[in-house]
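In the working numbering, the protein residues as written are 10 to 437. Cβ atoms here follow ideal geometry from the backbone N, Cα and C, with glycine treated the same way. First the structure, in the form of structure tokens, and then the observations on it.
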Ligand code: C2E
Ligand code: MG
Ligand code: MG
């Protein structure tokens, strides 16, 4: 979906909210001049309910209001008395559910560690702004911002499911595969799709994997879950091949799947039964925790690679031993984690990490996928650096298999109409 810019620089999210209820924004900065400036800039973006305070205790009190609390707090990190870091801890302690923006003149790496701290407190963060704040930097930070749901609505979206219910879901076929395209930056060509699992819960609607994959791993259900996903994904790959579409299909594999030796035979036999060439199947592996006994995973991955299945290292840069894994396992593809990709054009640290990952992949002769490109700026940045393949909301959200064929047509039109292959000017 293309990014739509509205009059007066409003973002779609802000424009849509202003029609319903203008989100309340709180500014905390010890400099009254900054409060004035930010209030003015936010107004220009359509955020008219802005309140500024110079003292952290005052801000905490306002956030503790039960009715109509601020949904966005922009906080200066450097303040006398209670500084921004202490304020954030106290805000978390009182159960704040809104979004945060950090504002500071400190260098990016310090801002990054403050950002990590905010996440560690389980608070929502939109990002950070460098002082002096400019209209452009504020607009680009808030252009993708969607105000959080009221506490009640959010609570109903996230439920903890008993493992027995998940086991039933797997048995009764409530899991669905959706597919997200991967495209080549240089040509716009669609190379393949990544399979992502969803649980179509009869009462609660569509449930995302972060609510059940770890549960399956912890209770020995991941093998059954993965077998369902793989079975459907390979059948779908065969349908696309029969329809004349050359799409590689990637499937996420948990490290726990690689503890059981028959897994390699299962995948191999399935691909052969559907006449899908192994090279059309990509197995994406993430290491979420330290690998215990390495023998089984190594045997399975080596056998699959010898049969010409493609192996991909997912969420690169976030695991426990990504570099060591690169040396040990013969990966074909490296997926740069989305936390580094989105916004890499305007963040020196992210840019350095993305460029280093690209260099590493090139050095090892691996394909690269930059994951999490959310807007045109991300696309232009990646193109300017010849990042190989890209996957992200800017290109397409995950979709049902039926929607993929229609999407292929709209994508070809977008590449042309939006000039996606024209070299970006000034992209660094
Ligand atoms: P992943 O394999 O890294 O998949 C990419 C995730 O990023 C997907 O989330 C996708 O919807 C999301 N994403 C894609 N583009 C963007 C973007 O531009 N911005 C943002 N913010 N997010 C984007 P999803 O589907 O919720 O999956 C989350 C994770 O759950 C996956 O991360 C993967 O680790 C795991 N997962 C998904 N399906 C399976 C599965 O079948 N088996 C296993 N073991 N894990 C799975
Ligand atoms: Mg993946
Ligand atoms: Mg990933």
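{"Item": "Under the three-state DSSP convention, the category residue 304 falls into", "Value": "helix"}
{"Item": "Contact test: residue 155 Cβ vs ligand 1 heavy atom, cutoff 7 Å", "Value": "no"}
{"Item": "Contact belief for residue 263 with residue 226 at Cβ below 8 Å, rounded distance in angstroms", "Value": "6 Å"}
{"Item": "Whole-number beta carbon distance between residue 342 and residue 321, since they are thought to touch under 8 Å", "Value": "4 Å"}
{"Item": "Nearest residue (CA-CA) to residue 336, options 352, 374, 353 and 351", "Value": "374"}
{"Item": "Touch test, the segment 391 to 401 against the segment 184 to 201, Cβ-Cβ under 8 Å, three pairs minimum", "Value": "yes"}
{"Item": "heavy atom of ligand 1 below 7 Å from residue 204 C-beta", "Value": "yes"}
{"Item": "Check: residue 219 C-beta below 7 Å from any heavy atom of ligand 1", "Value": "yes"}
{"Item": "Residue 248 to residue 257 span [Cα, whole Å]", "Value": "12 Å"}
{"Item": "Inter-residue CB distance, residue 184 and residue 224 (contact presumed, cutoff 8 Å)", "Value": "Between residue 224 and residue 184 the Cβ distance is about 13 Å, and since that is not below 8 Å, they are no contact."}
{"Item": "Through-space distance from residue 386 to residue 133, alpha-carbon basis", "Value": "23 Å"}
{"Item": "Boundaries (first-last residue) of the alpha helix (DSSP H) holding residue 145", "Value": "144 to 151"}
{"Item": "Contact test: residue 92 Cβ vs ligand 2 heavy atom, cutoff 7 Å", "Value": "no"}
{"Item": "Start and end residues, beta strand (DSSP E) containing residue 128", "Value": "No beta strand (DSSP E) holds residue 128; the alpha helix (DSSP H) holding it covers 117 to 129."}
{"Item": "Residue list, Cβ distance to ligand 3 heavy atoms smaller than 7 Å", "Value": "295, 323, 324, 344, 346, 347 and 380"}
{"Item": "Environment of residue 93 [buried if 16+ CB atoms lie within 10 Å]", "Value": "buried"}
{"Item": "N- and C-terminal bounds of the beta strand (DSSP E) containing residue 319", "Value": "319 to 325"}
{"Item": "Residue 311 CB to nearest heavy atom of ligand 1 below 7 Å", "Value": "no"}
{"Item": "Beta-carbon spacing of residue 363, residue 349 below 8 Å", "Value": "yes"}
{"Item": "Proximity of residue 208 and residue 178 at Cβ, strictly below 8 Å", "Value": "yes"}
{"Item": "Straight-line Cα distance separating residue 194 from residue 368", "Value": "17 Å"}
{"Item": "Residue 342 CB to nearest heavy atom of ligand 2 below 7 Å", "Value": "no"}
{"Item": "Distance, residue 72 Cα to residue 104 Cα", "Value": "9 Å"}
{"Item": "Counted within 10 angstroms of its Cβ, other Cβ atoms place residue 352 as buried (16 or more) or exposed", "Value": "buried"}
{"Item": "Contact test: residue 170 Cβ vs ligand 1 heavy atom, cutoff 7 Å", "Value": "no"}
{"Item": "Exposure label - residue 97; buried when at least 16 CB within 10 Å", "Value": "buried"}
{"Item": "Contact test: residue 87 Cβ vs ligand 2 heavy atom, cutoff 7 Å", "Value": "no"}
{"Item": "Backbone secondary structure at residue 423 - three-state DSSP", "Value": "helix"}
{"Item": "CA nearest to the CA of residue 222, picked from 205, 360 and 346", "Value": "205"}
{"Item": "Beta-carbon contacts of residue 355 that lie in its chain and below 6 Å, excluding the five residues immediately before and after", "Value": "none"}
{"Item": "Reduced DSSP category for residue 103 - H, G, I as helix; E, B as strand; rest coil", "Value": "coil"}
{"Item": "Same chain only: Cβ atoms within 7 Å of residue 175, ignoring 5 sequence neighbours per side", "Value": "221, 224, 225 and 230"}
{"Item": "Per DSSP, cross-strand counterpart(s) of residue 408", "Value": "188"}
{"Item": "Inter-residue Cα distance where the pair is residue 250 and residue 50", "Value": "52 Å"}
{"Item": "Reduced DSSP category for residue 285 - H, G, I as helix; E, B as strand; rest coil", "Value": "coil"}
{"Item": "beta-carbon residue 351 near ligand 1 non-hydrogen atom, thresh 7 Å", "Value": "yes"}
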